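Novice: Residue numbers (this note's numbering), protein chains in the order written: chain Y, 12 to 678; chain U, 90 to 395. The C-beta atom is built at its ideal place from N, Cα and C for all residues, glycine as well. Keep in mind it's a predicted model, so treat the numbers as computed, not measured.
1) When burial is assigned at 16 or more other CB atoms within 10 Å of the CB, is residue 258 of chain U buried or exposed?
2) Could you pull out every residue in the same chain whose Cβ sits closer than 7 Å to the Cβ of residue 235 of chain Y, ignoring the five residues on either side in sequence?
3) State yes or no: is the beta carbon of residue 160 of chain Y nearer than 8 Å to at least one beta carbon in chain U?
4) Closer than 7 Å by beta-carbon distance: list the chain U residues that pair up with residue 146 of chain Y, in chain order.
5) Looking at the structure shown, is residue 195 of chain Y part of a helix, part of a strand, or coil, going by DSSP?
6) Determine whether the beta carbon atoms of residue 299 of chain U and residue 167 of chain U lie at a separation below 8 Å.
7) Hey, would you say residue 223 of chain U sits closer than 8 Å to residue 130 of chain U, going by beta carbons?
8) Looking at chain U, which residues of the segment 493-512 of chain Y have a Cβ within less than 7 Å of any of its Cβ atoms?
9) From the beta carbon of residue 236 of chain U, is the nearest beta carbon of chain Y less than 8 Å away?
10) At a Cβ threshold of 8 Å, is residue 253 of chain Y touching chain U?
11) So, is residue 382 of chain U buried or exposed, given that buried needs 16 or more other C-beta atoms within 10 angstroms?
12) Quick check: the segment 101-110 of chain Y against the segment 51-63 of chain Y, are at least 3 beta-carbon pairs closer than 8 Å?
13) CA-CA distance, residue 392 of chain U and residue 158 of chain Y?
14) Rounded to a whole number of angstroms, what is the C-alpha to C-alpha distance between residue 254 of chain Y and residue 630 of chain Y?
15) Specify the secondary structure class of residue 589 of chain Y as computed by DSSP and reduced to three states.
16) Three or more C-beta pairs under 8 Å: does that hold for the segment 392-406 of chain Y against the segment 531-544 of chain Y?
17) Do three or more CB pairs link the segment 171-180 of chain Y to the segment 213-233 of chain U at distances below 8 Å?
18) Using the Cα positions of residue 221 of chain Y and residue 209 of chain U, report the straight-line distance between them to the nearest angstrom.
19) So what does DSSP say about residue 121 of chain Y, is it helix, strand or coil?
20) Which ranges would you report for the alpha helix (DSSP H) in the segment 524-609 of chain Y if only whole runs of at least 4 residues count?
21) Does residue 67 of chain Y come out as helix, strand or coil in the three-state DSSP assignment?
22) Count the other C-beta atoms from every protein chain shown that fall within 10 angstroms of the C-beta of residue 141 of chain Y, then say buried if there are 16 or more, exposed otherwise.
23) Less than 8 Å between the CB atoms is what I'm expecting for residue 642 of chain Y and residue 649 of chain Y, so what's the real figure, rounded?
24) Would you mind stating whether residue 219 of chain Y and residue 194 of chain Y have Cβ atoms separated by less than 8 Å?
25) Alpha carbon to alpha carbon, how far is residue 188 of chain Y from residue 130 of chain Y? Give it in angstroms, no decimals.
26) Note the first and the last residue of the continuous beta strand (DSSP E) segment covering residue 233 of chain U.
27) Identify whether residue 444 of chain Y lies in helix, strand or coil by the three-state DSSP scheme.
28) Can you find a C-beta in chain Y that's less than 8 Å from the C-beta of residue 162 of chain U?
29) State buried or exposed for residue 353 of chain Y, treating a residue as buried only when at least 16 other CB atoms are found within 10 Å of its CB.
30) Take every Cβ of the segment 318-330 of chain Y, pair it with every Cβ of the segment 353-371 of chain Y, and state whether three or more of those distances are shorter than 8 Å.
31) Can residue 136 of chain U and residue 226 of chain U be called in contact, C-beta distance under 8 Å?
32) Classify residue 241 of chain Y as buried or exposed, calling it buried when 16 or more other Cβ atoms lie within 10 Å of its own Cβ.
33) Report yes or no: do three or more beta-carbon pairs, one from the segment 442-460 of chain Y and one from the segment 473-485 of chain Y, lie closer than 8 Å?
34) Residue 345 of chain U by DSSP, collapsed to three states: which one?
35) Is it the case that the Cβ atoms of residue 559 of chain Y and residue 485 of chain Y are separated by a distance below 8 Å?
36) Does residue 11 of chain Y come within less than 8 Å of chain U when only Cβ atoms are used?
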């Protein structure tokens, strides 16, 4: 079986990128192979801190031959054009085919030996591989900048069927070979590789785990075992596990001790400080109380000096945290809130203190006012200054320290939730309401000064705010809208105006459009429903009241119904009626018309049973109406010579159409 | 002479603070670097030395190393925090262009000054560096030793908002942190400075504690705001004037001084959050003008040679 092994040996690739990089490399390289008409079974990428390897299996020796038909000049074109066409394709007059007034050439791309195109494939891989942030380095011999890559590439290995392929890669100024290197500190400097199996084995012997997934699983397992032997449990943290996996070529585990004096710190602080600064895992007792130990994953076996170092660094970090915590708890949250006028919310939208004032204008109870008064205070605390990810969490902890009620303490951290489409919703009613206020204020403000997300750029996370609002309305067990959505938007707009912050005229419409837009995306993604159907329902919903909860359940209901066989009848009837009414605009009167025709009478009576209220979905009656429509259309000449009769026929059909549209949208 | 030999000559045990500096000077001199002296004006980092900023632009080869005392007024703690001070020392290395093995060169430098790499864990943790005042950015790592950051390592990509045509690598050692490691002390002020162990031993604290305390008072409590504001404006005006005379290096120095004034005002707590962005933008505008003028002067030089 033919196989190809490529390894790009680089300086340390940032740990957070490892997982995605293997996916990207596989995708890019497969696409390149397909584009070059190469046939292969599988492409797999492997990553560790200093290398990205690609292994292709089942690779055909020859690329496929492909025949391409090229259109040339018109038959009546001058000779010069024709000769140009022929010479640029290295063909002669006898190869030409005439068809529909044009000359054609059929050009056969014969396919070639795979080894001929491998150099280009690697060159293209380097150029096409996406990295979130990349760099140039200087190629001294070539006197030019390298291609973009995440960190400098220092060596490239390329082995085809056990044979090294040697060629020069222009974009990084390196010549390929069959050499690589072991672990930076524990392996042999230079390894000569025969083939993929040999590669994996030699790396393993030289303390490099070549596969991210294997290494991650190994760490997870080892950690759990070592910790279990002490009667402890690792606080699970997938992101941290990914990161430490990406930081080591070979994992070793060390368990260290946390000094007793720090154990009085709230667990969130201990845990965050250890994770963010030191990438240590938090350990707990089986009752999930935090234990005075940490676990760290190292790249070399832990020596006494290192162990000392790890504890010393942690001590310094936690001393800082302890200092911040003491300083913070010496101050009340009210005092911190008073400093929020110094924190900019956005340069065009004033300070966070102003935001707090606006939220007050839409709040309804004493509890809500209390939460709003305190919920942003921790932004100016020392602890959040050090760990921004603890915003809200510190607010709750400090509120407890100063003896606020449980509801208020909970609501403070909950008011940041949910963070988008998958995060948990707040549990408390107050927390849900304040979260909704906060996000709506953000949306009104930013859209009001013309800041909108464009493409993949959404620096103020407005889409996330919108989807969170929708989920708070639709999915929360609490009914958070005490007034209409419009009332909240209007009141916020006037609150902005009272502060002298001018928003664009169209802001209300913009906010509603933006929310509807996100509603469609959210429902279609989360319920796996065709987005056109979602759009129809949203568009046809009563425009005075935007109750997303009702719209969402309607979408789901209609989606279910639309899968029933009877729905086809509704669709047919609707289309038929639309076709007959066409552009005709019937004159409608309040008076109920008395039809002479039996079919029309039946239709009229069936329709009267079907509520035109769009919040009720009465599918069976609708199917009845649809049958009646089809029967009427079949048997009645709608376009009657008597204009009066014609008008009344059309008016009834139009009412049917409108009723169906109100329930299911345009079909 | 290696660091170990130096150690033997002076005292039998201690690798002193100054030994570390001597070691690094010797090591990077052996690599062919120009060994410069510190910039003689207040800077927040070795990056602000004109031999870093300006020389990072243009196509010239440039390998340089030097100690740089750094001033970060806001970081002062009246000498009460063992590890945070408003004045400290960096060892700055610039290799332009970055050679093909800078990570190895760095690791060898640690061994040279007395680190036993078998006993410590050195790792490269992603940290992309950015300095908004200088319009400078690069990619690289913090280098950790047993979990503590001891060095910042950056491949410059942009300076003064201008793409580097020959990207240099910048290696910045935190000398106090390295000394605490080598000497196994926990407090910067306890670092043995002169290497003596008798009654004439002088520590980092003996040398700098009073300086730290007095400057913390100056930075936070006493510095005259009006005078500083005036200075800031004056430096800005002067920088622009010097640029109009094509005196790029003196102009750049005014820009650096303006930046330090801003840092002092910031420490004094008189700059609101909104104003802050404005000041940074003013300094960046000066830095950008200096960098552009520098690059232009290099091109002019080339033109006259041709």
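Specialist: A quick look at the data gives this:
1) Here residue 258 of chain U refers to the residue found at position 169 when the second chain is read from its first residue. That one is buried.
2) Here residue 235 of chain Y refers to the residue found at position 224 when the first chain is read from its first residue. For residue 235 of chain Y, same chain residues with a beta-carbon under 7 Å away, outside a window of 5 residues either side, are 245 in chain order.
3) The residue given as residue 160 of chain Y occupies position 149 in the first chain. By this cut-off, residue 160 of chain Y is not an interface position.
4) As a position in the first chain, residue 146 of chain Y is number 135, starting the count at 1. Using a Cβ-Cβ cut-off of 7 Å, residue 146 of chain Y is close to 228, 244 and 246 of chain U, given in chain order.
5) Taking the first residue of the first chain as 1, we reach residue 195 of chain Y at position 184. For residue 195 of chain Y, the secondary structure class from DSSP, reduced to helix, strand or coil, is coil.
6) Along the second chain, read from residue 1 onward, the residue named residue 299 of chain U stands at position 210. Along the second chain, read from residue 1 onward, the residue named residue 167 of chain U stands at position 78. Cβ distance not < 8 Å, so residue 299 of chain U and residue 167 of chain U don't count as in contact.
7) As a position in the second chain, residue 223 of chain U is number 134, starting the count at 1. As a position in the second chain, residue 130 of chain U is number 41, starting the count at 1. Against a cut-off of 8 Å, the Cβ pair of residue 130 of chain U and residue 223 of chain U comes out as no contact.
8) Those residues of the segment 493-512 of chain Y that come within reach of chain U (Cβ to Cβ, closer than 7 Å) do not exist; the list is empty.
9) Here residue 236 of chain U is taken as the residue at index 147 of the second chain, counted from 1. Yes, residue 236 of chain U lies at the interface with chain Y (some Cβ there is under 8 Å from its Cβ).
10) Stepping through the first chain from its first residue, residue 253 of chain Y is reached at position 242. Output row for residue 253 of chain Y: interface = no.
11) Locating residue 382 of chain U in the second chain gives position 293, counting from the first residue. Buried is the call here.
12) By the Cβ test, the segment 51-63 of chain Y is not in contact with the segment 101-110 of chain Y, since fewer than three Cβ pairs between them sit closer than 8 Å.
13) As a first step, residue 392 of chain U must be located in the second chain, where it is residue number 303. As a first step, residue 158 of chain Y must be located in the first chain, where it is residue number 147. Residue 392 of chain U and residue 158 of chain Y: Cα-Cα distance of roughly 29 Å.
14) Taking the first residue of the first chain as 1, we reach residue 254 of chain Y at position 243. Taking the first residue of the first chain as 1, we reach residue 630 of chain Y at position 619. Straight across, the Cα-Cα distance linking residue 254 of chain Y with residue 630 of chain Y is about 53 Å.
15) By one-based count along the first chain, residue 589 of chain Y stands at place 578. Of the three classes helix, strand and coil, the one that applies to residue 589 of chain Y here is helix, per DSSP.
16) No, the segment 392-406 of chain Y is not in contact with the segment 531-544 of chain Y.
17) In short, these stretches do not touch, since the Cβ pair count stays below three.
18) As a first step, residue 221 of chain Y must be located in the first chain, where it is residue number 210. As a first step, residue 209 of chain U must be located in the second chain, where it is residue number 120. Rounded to the nearest angstrom, the two C-alpha atoms are 24 Å apart.
19) Residue mapping note: residue 121 of chain Y aligns to position 110 of the first chain, counting from 1. Three-state result, residue 121 of chain Y: coil.
20) If we require 4 residues or more, the alpha helix (DSSP H) runs fully inside the segment 524-609 of chain Y come out as 542-551, 559-572 and 578-592.
21) The sequence position of residue 67 of chain Y within the first chain is 56, counting from 1. Reduced to three states, the DSSP call for residue 67 of chain Y is strand.
22) Here residue 141 of chain Y is taken as the residue at index 130 of the first chain, counted from 1. Answer is exposed; the Cβ neighbour count stays below 16.
23) To locate residue 642 of chain Y, count along the first chain from 1; it is residue 631. To locate residue 649 of chain Y, count along the first chain from 1; it is residue 638. Going by Cβ atoms, the distance from residue 642 of chain Y to residue 649 of chain Y rounds to 13 Å, so no, they are not a contact pair.
24) The sequence position of residue 219 of chain Y within the first chain is 208, counting from 1. The sequence position of residue 194 of chain Y within the first chain is 183, counting from 1. Yes, the Cβ-Cβ distance between residue 219 of chain Y and residue 194 of chain Y is below 8 Å.
25) Sequence index remark: in the first chain, residue 130 of chain Y carries index 119 (1-based). Sequence index remark: in the first chain, residue 188 of chain Y carries index 177 (1-based). Our two residues, residue 130 of chain Y and residue 188 of chain Y, have alpha carbons roughly 12 Å apart in a direct line.
26) Walking along the second chain from the start, residue 233 of chain U turns up at place 144. From DSSP, the beta strand (DSSP E) with residue 233 of chain U extends over 225-234.
27) As a working mapping, residue 444 of chain Y is identified with position 433 in the first chain. In the structure shown, residue 444 of chain Y sits in a helix (DSSP, three-state: H, G or I).
28) The residue you call residue 162 of chain U lines up with position 73 of the second chain. With 8 Å as the cut-off, residue 162 of chain U does not count as an interface residue toward chain Y.
29) Walking along the first chain from the start, residue 353 of chain Y turns up at place 342. Residue 353 of chain Y is classed as exposed because its beta carbon has fewer than 16 other beta carbons within 10 Å across all chains shown.
30) Output reads no: the segment 353-371 of chain Y does not touch the segment 318-330 of chain Y.
31) For the purposes of this step, residue 136 of chain U is identified with residue 47 of the second chain, where counting begins at 1. For the purposes of this step, residue 226 of chain U is identified with residue 137 of the second chain, where counting begins at 1. The criterion of a C-beta distance shorter than 8 Å is not satisfied by residue 136 of chain U and residue 226 of chain U.
32) Here residue 241 of chain Y corresponds to residue number 230 of the first chain, with the count starting at 1. Around the beta carbon of residue 241 of chain Y, fewer than 16 other beta carbons sit within 10 angstroms, so the residue counts as exposed.
33) Using a C-beta cut-off of 8 Å, the segment 442-460 of chain Y makes contact with the segment 473-485 of chain Y, since at least three inter-stretch Cβ pairs fall below that distance.
34) The residue labelled residue 345 of chain U in the question sits at position 256 within the second chain. Residue 345 of chain U falls in the helix class under three-state DSSP.
35) The count along the first chain starts at 1 and reaches residue 559 of chain Y at position 548. The count along the first chain starts at 1 and reaches residue 485 of chain Y at position 474. Their beta carbons are under 8 Å apart, which means residue 559 of chain Y touches residue 485 of chain Y by this criterion.
36) For chain Y, the structure presents residues 12 to 678; residue 11 of chain Y sits outside this window and is missing.
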